[in-house]
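Numbering (my numbering), first residue to last: 1 to 335.
In this text, a Cβ means the ideal position worked out from N, Cα and C, and glycines have one as well.
Since we're looking at a predicted model, the values are computed, not measured.
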């Protein structure tokens, strides 16, 4: 492009979390991790049409032809590094913050300048470790093209920014998820695990009720047109096991987890349920049901129907509207 030419572009800034501390702890390790991080990222930049403008210490400044390509690239980077971190020692892990903005830039030799570059640089520090922070301009261009969910930040005060710009955390795809190329691939992203409901009493009948409720929920939710539900045989391994939600989410490659408990007092049974984001561990929905236990199967059916109806709405709402009517091939329920 000729010197001084103006054009629109998506601008990405990356930064290694805690790199100064790594360097102070062991310079040899820091240099090795820096080189490995560069060798891992450069091919992904190129794959999505990204042009590395320059490296800045432990970070990159990269220009992309579109917001869509920049976000796809960012998601793949974070998923790749997350997978890498799951199999190595903590001191060998690499965590990035990524910030993306879309705006007008000016070519200046091999460099680019302009307000868009300055604004983009302010979004990277707002990202969570291992996360992606984008401007409202980026979100506007991808929200109906990618199966992403996002969290609206309180409008940050960007240094030297004349006007406020809204910022959003994008939720990265779960490890092991495929990257969608069409609406029919949304099922690999909107995956749900129903963990075995816990019986909070020593009565074997209550445990029987909890297991039956878990199975009924899996069966009902699996009949939907969009959600993909992990098979019963895969989730039963977590019965009575103490593991964190994030760890289970990674192992099952799911975006959301439903868990619950069953308690009984005389002839009254209380079922507590909670839907949790597997990446952030945030509660998406919490509810409680108190019922007179006159017919076990009728009560199981009623609770399962109520929970299923709410979950279908909650989780389908996270899919871009243009993709919600696409049917996904859901594997049969295993018993």
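Provide the residue span of the beta strand (DSSP E) that contains residue 108, from first to last.
-> 96–108
Per DSSP, what kind of secondary structure is residue 308 in: helix, strand or coil?
-> DSSP places residue 308 in helix when its eight states are reduced to three.
Would you mind sorting residue 283 into buried or exposed? The rule is 16 or more other CB atoms within 10 Å of its CB.
-> exposed
Anyone know if the C-beta pair for residue 33 and residue 94 falls short of 8 Å?
-> yes
Using DSSP with H/G/I as helix, E/B as strand and the rest coil, what is residue 194?
-> Per DSSP, reduced to three states, the secondary structure at residue 194 is strand.
How far does the beta strand (DSSP E) with residue 56 in it reach, from first residue to last?
-> From DSSP, the beta strand (DSSP E) with residue 56 extends over 51–56.
Any chance the stretch 2–17 sits against the stretch 91–106, with 3 or more Cβ pairs inside 8 Å?
-> Enough Cβ pairs lie closer than 8 Å, so yes.
Mind the definition here: the stretch 79–99 touches the stretch 107–116 only if three or more C-beta pairs lie below 8 Å; say whether that holds.
-> no
With residue 122 as the anchor, note down where its alpha helix (DSSP H) starts and where it stops.
-> 115–123
Nearest-angstrom beta carbon gap, residue 134 and residue 194 [assumed within contact, 8 Å] = Residue 194 to residue 134, Cβ: 32 Å. No contact.
Hey, out of 137, 166 and 123, whose CA is closest to residue 67's CA?
-> 137
Looking only at its own chain, which residues have a Cβ that is under 6 Å from the Cβ of residue 309, when we skip the five neighbours before and after it?
-> none
Can you tell me whether residue 189 is buried or exposed, with buried defined as 16 or more other CB within 10 angstroms of its CB?
-> With a pLDDT of only 46 at residue 189, under the threshold of 50, the placement of this residue in the model should not be trusted; the figure read from the coordinates follows. Looking at its Cβ environment, which holds 16 or more other Cβ atoms inside 10 Å, residue 189 is buried.
Closest residue to residue 275 among 264, 288, 44 and 75 (Cα-Cα distance) | 288
DSSP three-state call for residue 70: helix, strand or coil?
-> helix
For the alpha helix (DSSP H) containing residue 211, list its first residue and its last residue.
-> 204–221
Closest Cα partner of residue 59 within the set 259, 44, 22 and 124 | 124
Starting from residue 12, follow its DSSP beta bridges and name the residues at the other end.
-> 62 and 100
Proximal residues to residue 203 (C-beta, below 6 Å), its chain only, five neighbours per side dropped = Once the five neighbours on either side are set aside, residue 203 has no close Cβ partner at all.
Report the residue from 296, 277 and 118 whose alpha carbon sits nearest the alpha carbon of residue 268.
-> Considering only 296, 277 and 118, the residue with the shortest C-alpha distance to residue 268 is 296.
Given residue 4, which residues of its chain have a CB within under 8 Å of its CB, disregarding the five upstream and five downstream residues?
-> 106, 107 and 108
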